[in-house]
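Chemist:
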């Protein structure tokens, strides 16, 4: 059976496991205060070209999103997001459990644009009753989005400018950031993202790590008290060095981008094969997530040999499914899948 | 330099790292739905002699405590705990951030007893204004406690009976449970704990794992909705199999108890050496945490060669410090430390 | 200057003030445990034909909504509501501050319908990832809605059936319930509402009282612990008898419906005058809130003599405004306003 | 039957009811934006000699405390209070429901002192693990306390200095402030309290109003966003003018202090009678709450003719009870009670 269900089906890049082996009996203090974390932070700052950034390592995406949102918002503020944003729909109410409202804008293939954010804010602040309502306190985007799409540099610049015009920090959820940086046609670099956002993270869980997300506050003043907030959220790993070791390994020798590029190359090969075989793409995705429309017979036929993710059922009865590649996908698996089309 | 600061200074038992290596490229579904977790759950149920238990794997102690407390309490209920309990003092307000009050009782060497719980509850329910107050909704104990002490079987039975007499579930925080089960003089077994508590956990982070806590709901009805609550708390690991693999390895071949016994043996050897050398024990602890009173000169002298944890300053100016052994402590290190006394 | 801004611009029905005067030096226990409240509860139960109902008196709408929602929902549940519902948009995040998500459905003139609720729930429970999401835990409707519209008896029956089919209680926000019961064409009685909903309230603030909302749990088991939850929400009035006295007075001699009918009669007279004068109605509202489209010149002309509420600006530049009548509106004022048209 | 159970058993000062009658059909905008509130705010500022103060009117004590605490604290901060403080014990967890911890200090007759606050803060900030704990974010005192005691000017100055030395605002709960200002031996004036605290309130519910608390932020920057926070807490009264009218009436012609003095005079008369009759005072209270120790026979004998509050049972079986006078207590009632001693 071939597996293309998601991009977190395997363990970690072998170099990570090797480092964990080598360092296993080192004795270090906890909670990210060790030398591995310190070196990993330096590598993150350098990769972002943001020497003043405050960097923290957390375990998973939902906890990272909830902790960052808590850090950004006042008690009567909410966070603007696409209605398809992970925080809006797939985190079991973690944001609301923290007391905050997600202020949803309609998405376009998972994205929101600067004009919509501007219009929403102008309407909000123009409403004479706005003091009875939840005020916008930040803007959330994911890059790549939950639909596998990415923002162009121009789109990110416009979003950043607009958010800042209303005094709102821009938070970029980079759970799959590696696949966004290496996506086909991507023109926004890591340095751009660090320059344009106020806080973002480099996802590890889906890009080569056992687990882990590297949070980067490019405006250090927003990180005040974040350590204690992590503790309160249960997001402070006791043996924090596990995260330092992983990110040190991922960021060494350009590994993060190289393994991401691998996933993209295989996803593009797969997409081309779908197109060549006459399949309908649901979204023309430039990243490691490929969305294809399958009729029932084809779904059954491929499904007998390969697993994939269910996305939605179309009105005509056909199904949208997702095939995800990752840093760990073998080219032979992709070739076998192509052979099934 | 020797290090006795805490019991989470090293990585994991080598057998765990080997299993992570072996299984690294297996492809599994996420969130604890894989076969490793299923087997680990079966091993936990068997070790507890509680076939109907619901078992969940979480990453760390604070998140585990906060999620369990959320599952146990109604909105106007609080949880009874010793004022030294981890949830009362060292989790940055995680319980309160979830909307709950910790109802503190004075501790005796980190413990509370059944009579105090009974008296508190009787006073509470006897107060004609108690509907204006936070009602007790559960009882929390840690075993071993934050002071390295343990409950006897008779004490656990009394606490369980008392809690249940008031309709309160008993929650036992087992972050260091291995060291409690193998402590000198311990007469409560894992089966006893499963029988007497309503929910508890087998700590992994401090007992041989990279990270991880195995939560056991011995009353399955209390676990309703716990999966989604974990997600909301950011406590649902994407690559959940990491936890399954670790607990499968720890529970195989009696490994969890054996490595705990190792830490206890070394702690007892160290304690005897302190006594023999004329040091004052602050607490006569039967577990892997040893608390000793040092005068300034001795603290400086030993501190030049070994690190340990600060506990508190006594009125006479001397200092209470903690020396912790663990599954990973080498006997030679203990011998070197003894040589310094 | 004439004032039609809202339905809470005056004090209270004079009979209420008289009763407050008469009873001012009576000495009673607090928190709603007095005889006035007891009699008012009996009157509510009788008016609803629901002898087993649990009745509580709170001060204002937002606190009432937040407290009820807290009582209805589990920690990972949300409440289905129209996106225009008061809890969704005009309560400064009170629901989210309590940890809950509002699950918004698109509205039709402020209403949601049973088919949409059914479809939403079926999609939700059909999603294989639904345990990662906020589950529906209750359904909220307002009657009349924020747009002045009302539900027919058939619509309420369908909503009640649908909610119950998914195990969800139906919560009806009756901040303006009197105006809904007496609305033109209304066919749902108070008894119907008590029969079809699981909890609702009779609004006092907008219907003759100084303040106050009478919450009716028609399923008493849902009210368990509600007194303490009111205290926690700061919604338990110390001199609770103020609420008992007010509702006793409002429910005596059919006063609640009579004063509501007065507001409806004047609103209908005003609506007819708008229609006769060639104004465009934004909504054909059967209740005390009338929404009219005004061009700028007309808005200025009328605005020089009468105040009204801003609703929204249309794309063609015209403005939707709201004229509200109430139990306190004088017919002469309506006639003067009509003279301005 | 005579009633001395509490100080909120009657309605309001007659002048308030008269003003409500007179103004009943005035039409005003809602939420405290009316002219009555504006005038009342001016009177409060003048009485406090604090022209820059921000003043808000809320309905009751628990909601006022919860809203203020929310305004003062960051997410990982708690509020220092006596363990007998109202927020610590009698508000059904309202503070915790808002996500905050109450950091309890042992009380002395309901009070905490500056030295204890200083010592606690020094220990906290001296703990190397304090970033894993809830940090102090404010200091709460009640004046008079729940035990009827008051702070001297020197004590308030020391508390204010100490709180400010650690960067903590001082919040004074003045639910019974009138009785504190006019207490026997009181040397702290309203101007002193405004000068020394950062936020406090003038209680109305227990001092002459139907309901209502006037919150005074003497440091206006702390009040940022408080209006919306009130809305979120359900503490924003729709017909806000009710509060303005009440406080305008209470503050006119020195009425607030005069009616408070009346309660104190009667309480002192009662206390002297207890002493003269040989009763044991539990506390030598200078305010309207008098605590007396009664043996069972006396309790029964007086209880047959007068109601009072239960406080606690002593070890010797005798009972501490509370007799409360108020602005509304008639001297004849006190004389009748004295006749029973």
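Protein chains in written order, with the numbering used here: chain H, 45 to 385; chain R, 45 to 385; chain G, 45 to 385; chain X, 45 to 385.
Glycine included, C-beta positions come from ideal geometry on N, C-alpha and C.
These numbers were taken from a predicted model, which means no experiment stands behind them.
1. Compare the C-alpha of residue 350 of chain X against each of X:366, X:359, X:82 and X:68 and name the closest.
2. With contact counted as at least three CB pairs below 8 Å, one residue from each stretch, are the region 222-229 of chain X and the region 166-178 of chain X in contact?
3. Consult DSSP for residue 253 of chain X and reduce its assignment to one of helix, strand or coil.
4. Using the rule of at least 16 other Cβ atoms within 10 Å of the residue's Cβ for burial, across every protein chain shown, is residue 374 of chain H buried or exposed?
5. Touching or not, the region 70-85 of chain H and the region 286-306 of chain H, by the rule of three or more beta carbon pairs under 8 Å?
6. On the premise that residue 364 of chain X lies in contact with residue 323 of chain X, defined as a C-beta separation below 8 Å, what is that separation, rounded to the nearest angstrom?
7. Skipping 5 residues on each side, what residues in its chain have a beta carbon closer than 6 Å to that of residue 132 of chain X?
8. Within 8 Å (strictly less), CB to CB, does residue 145 of chain G reach chain R?
9. May I ask you to check if the CB of residue 110 of chain G is nearer than 7 Å to at least one heavy atom of the ligand SAH?
10. First and last residue of the alpha helix (DSSP H) that includes residue 355 of chain X?
11. Just checking, does the region 296-313 of chain X make contact with the region 369-385 of chain X on the three C-beta pairs under 8 Å criterion?
12. Please list the terminal residues of the continuous alpha helix (DSSP H) segment that includes residue 221 of chain R.
13. For the region 232-249 of chain H against the region 105-121 of chain R, are there 3 or more C-beta pairs whose distance is under 8 Å?
14. If you compare alpha carbons, which of X:181, X:301, X:277 and X:215 is closest to residue 135 of chain G?
15. Give every residue of the same chain whose Cβ lies closer than 8 Å to the Cβ of residue 355 of chain R, excluding the five residues on either side of it in the sequence, and list them in chain order.
16. Would you say residue 137 of chain X reaches chain R, if we count a Cβ-Cβ gap shorter than 8 Å as a contact?
17. Using a threshold of 8 Å, state whether the C-beta atoms of residue 215 of chain X and residue 196 of chain X are closer than that.
18. Residue 294 of chain G and residue 253 of chain G - do their beta-carbons sit closer together than 8 Å?
19. If you measure beta-carbon to beta-carbon, which residues of the region 112-137 of chain R are closer than 7 Å to chain G?
20. Please decide whether residue 334 of chain H counts as near chain A, where near means a Cβ-Cβ distance under 8 Å.
21. Which term fits residue 318 of chain R, buried or exposed, when burial requires 16 or more other beta carbons within 10 angstroms of its beta carbon?
22. Check residue 73 of chain H in the structure and name its three-state DSSP category.
23. So, is the C-beta of residue 172 of chain G closer than 8 Å to a C-beta in chain H?
24. DSSP has residue 366 of chain R in a bridge; who is on the other side?
25. At a cut of 8 Å, does the region 174-191 of chain X reach the region 174-189 of chain R through at least three beta carbon pairs?
26. Pull up the distance between the alpha-carbon of residue 143 of chain X and that of residue 203 of chain X, whole angstroms please.
27. Just the Cα atoms here: how many angstroms apart are residue 232 of chain X and residue 316 of chain X?
28. Give a yes or no on whether the C-beta atoms belonging to residue 381 of chain H and residue 314 of chain H are separated by under 8 Å.
29. Please return the same chain residues whose Cβ sits closer than 6 Å to the Cβ of residue 230 of chain G, not counting the five positions on each side in sequence.
30. For residue 52 of chain G and residue 262 of chain G, I'd like the C-alpha separation in whole angstroms.
31. I need the straight-line Cα distance from residue 123 of chain R to residue 183 of chain R, nearest angstrom please.
32. Between the C-alpha atoms of residue 129 of chain X and residue 191 of chain X, what's the straight-line distance to the nearest angstrom?
33. Go through its chain and collect everything with a Cβ distance to residue 328 of chain H's Cβ below 6 Å, but skip five positions before and after it.
34. Since residue 101 of chain R is in the beta strand (DSSP E), which residue starts that stretch and which ends it?
35. Do you know how far the Cα of residue 111 of chain X is from the Cα of residue 118 of chain G?
36. In whole angstroms, what is the alpha-carbon distance linking residue 62 of chain X and residue 239 of chain G?
Modeler: In short, the structure shows the following:
1. X:366
2. no
3. coil
4. exposed
5. yes
6. No, residue 323 of chain X and residue 364 of chain X are not in contact; Cβ-Cβ is about 11 Å, not under 8 Å.
7. 125, 146 and 148
8. no
9. With respect to the ligand SAH, the structure offers nothing, as it holds no ligand at all.
10. Run containing residue 355 of chain X: none in the alpha helix (DSSP H); it sits in the beta strand (DSSP E), 353-357.
11. yes
12. 221-225
13. no
14. X:277
15. 326, 335, 363, 364, 365 and 366
16. yes
17. no
18. yes
19. 114, 118, 119 and 120
20. The structure shown contains no chain A; its protein chains are H, R, G and X.
21. buried
22. coil
23. yes
24. R:335 and R:353
25. no
26. 25 Å
27. 24 Å
28. yes
29. 194
30. 28 Å
31. 6 Å
32. 10 Å
33. none
34. 98-102
35. 24 Å
36. 41 Å
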